[in-house]
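Here the structure comes first, spelled out in structure tokens, and everything after it is commentary.
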Amino acid sequence: MRLFSRRTVTWVAGSALVLGAVAVVGGRAGTQHLPMKLTSGTDFSISGTVTGLEPGSPGSLELTVTNPHSVAITVTTLSVSVGTPTPPGCDASNLDLTGAQYSSATGFNVGPDGGTATAPPLPVSLRNLSGNQDGCKGVTFPLVYSGTARYTQVFSTTTSLSSSVNPSVSGQSVTFTATVTAGAPQQGSGSAPGGPTGSVAFKDGAVVLGTSALASNGTAQLSTSSLAVGTHAVTAQFSNTPLVGTADGNFAGSTSSPVSQVVNNPKKASSTTVASSLNPSAVGQAVTLTATVTPQATGTVTFYDNGVPLGAAQPLARGQAAVTTSSLAAGTHPITASYSGDATYFPSTSSTLAQVVNAKAATATTLSATPNPSVFGQPVSFTATVTSGSGTPTGSVTFSAGATTLGSATVNGKGVATLTSSALPAGTSTVTAAYSGDATFAASSATVGQTVNKATPVVTLTSSNNPSRTGQSVTFTITVTGTGPQAPTGSVTVAVDGAAVATRGLGAPLTYTTSSLSVGSHSVTATYSGDGNYTTGPVASVTQKVVK
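Under the working numbering, the first residue of the sequence shown is numbered 1, with each subsequent residue one higher.
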């Protein structure tokens, strides 16, 4: 048992004693019991009444303390004093408060959160003086109350609950573990000097399953195998009362949230086997692993490669679950399948399957191009030959020129893949043939430098009127035709008798019109400028005759 210091609090409250009118019978003051109303100050609320108060006779003051705080208090002293009466005319000394003092070592208790308690009656009296018979009528005596109380610091707690196995089966032992932690104080500030002590009652609804002592690490456990089939709302209720000894009053009780403990009927044994769709396999080859659980059960199966899961758990369908993988490295892999169990069947794990994965056989790829060099727009045949000392590879070859893919072709029974393309631009291109590999053979690649010469376009020139007359308008039309996958670009220069008269860009109408030719024969030519894929200089000509 640990001892904690007591905290002492002091309050001050103000109120007033009101003396009402005194009835006069036979020339003297009659007897009347006057009420005394006490109003609270700022910390605790004190109220009370006075009975039997009359001149020369003692009355009784009963003080009721209201406690707004969240902890119980023990009031040990109460005292009353009087201020200046109003209106003047009745001296404060007329009210005798000599006995209106309360002091007790044991005190009296006031409960928390608005709890109230009344102190033992305190004697008060109105002095029997001639002046106070009439002079004190209707006078208010301001009263001041003070007192002291003590309380014990109480810390809140939080209780959590967990189950060792959920769901469980009938007759199976289940251990419930409660963990109790200290929280903030219910009044004031500070931290507990140690952890909670006491006991924990484990309940199934309203039925107590058992009570366990709280260990020094803040936990308590209860094991039971008596839970019936069904769902049980189990809670843990902490109390600061230990199984043996004195209660630790510094920690409040708390109850955990309920744990829904599911208890199923007794389970049956299951058996799991695992099989491979391809064993041995090759690196990168897809292998399907199939687990069979008997009898047919529900739940999931997780496949393991040397203890490492091969993906997520797979659901059972008609007693089987499967996973497909192509990521197994070369070597021998110990494969197991672990069944999760369900409400009827216990979990089970298969024996180990030795999955052998062979490394892929090396390949070599060669590449040739025909013709080489070629002319822009001319079809070129690229032939890739894939060979291996372990047999004939299958699969496909992708042909590319730099970052541009030219196409793909399937490897035939002799390991040959061919692609014909006329898409290469003029210049020198590095063409790559990349063999992708297959389940048995590794990938490989080869390159060839393909030279593509510029093509020569066909340039034509025609006259709209030949021969023409002097001053007559003549239109010359030029055409430039390419042989490759792209049309020629650039420009055409028109010359008359060797002198350039116009330049026209390809893409616009290629015409030249004139009416200024003199009488005679004129040599009209159209010369192509060339571009990246077509040669410079092809010329078309026509002899234009002009007559009078």
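Even glycine gets a Cβ: it sits at the ideal position worked out from N, Cα and C.
Item                                                                                                          : Value
Length of the line joining the Cα atoms of N358 and S260                                                      : 51 Å
Run of the beta strand (DSSP E) containing H333, from where it starts to where it stops                       : 331-339
Under the three-state DSSP convention, the category A228 falls into                                           : coil
Cβ distance (whole Å) where V555 is taken to contact A201 below 8 Å                                           : Nothing in the structure corresponds to residue 555, since the chain is present only between 1 and 548.
Cβ shell of A439 (< 7 Å), same chain only, five flanking positions each side left out                         : A282, G284, Q285
Local Cβ density within 10 Å of L243, reported as buried at 16 or more and exposed below that                 : exposed
Cβ neighbours of A322 in the same chain (closer than 6 Å, five flanking residues each side left out)          : T288, T290
Reference S436, options T428, T385, T527, Q486, closest by Cα                                                 : T385
Those residues which DSSP pairs with H522 across a bridge                                                     : Q544
Continuous alpha helix (DSSP H) assignments of at least 4 residues falling wholly in the segment 363-421      : none
Closest residue to L506 among T489, V496, A500, T514 (Cα-Cα distance)                                         : T489
Sub-8 Å separation of F176 and A236 beta-carbons                                                              : yes
Per DSSP, the bridge partner or partners of Q101                                                              : S79
Beta-carbon gap between P467 and Y528 smaller than 8 Å                                                        : no
Residue closest to G427, alpha-carbon to alpha-carbon, out of N372, V480, V174, N412                          : N372
Helix, strand or coil at S212 according to DSSP, with G and I counted as helix                                : strand
Touch test, the segment 58-72 against the segment 112-126, Cβ-Cβ under 8 Å, three pairs minimum               : yes
Three-state secondary structure assigned by DSSP to A93                                                       : The amino acid at residue 93 is misidentified as Ala; the sequence shows Ser. Looking at S93 - three-state DSSP - the assignment turns out to be helix.
Own chain partners of G253 with C-beta closer than 6 Å, once the 5 adjacent residues on each side are dropped : F238, S239
Straight-line Cα distance separating Q186 from V144                                                           : 29 Å
Neighbour-count burial assignment, L3, 16 or more Cβ in a 10 Å radius                                         : For L3, the predicted model reports a pLDDT of 24, less than 50, meaning its position is unreliable and no value from the coordinates is stated.
Sequence-distant residues of its chain with Cβ nearer than 8 Å to S93 (five each side left out)               : R127
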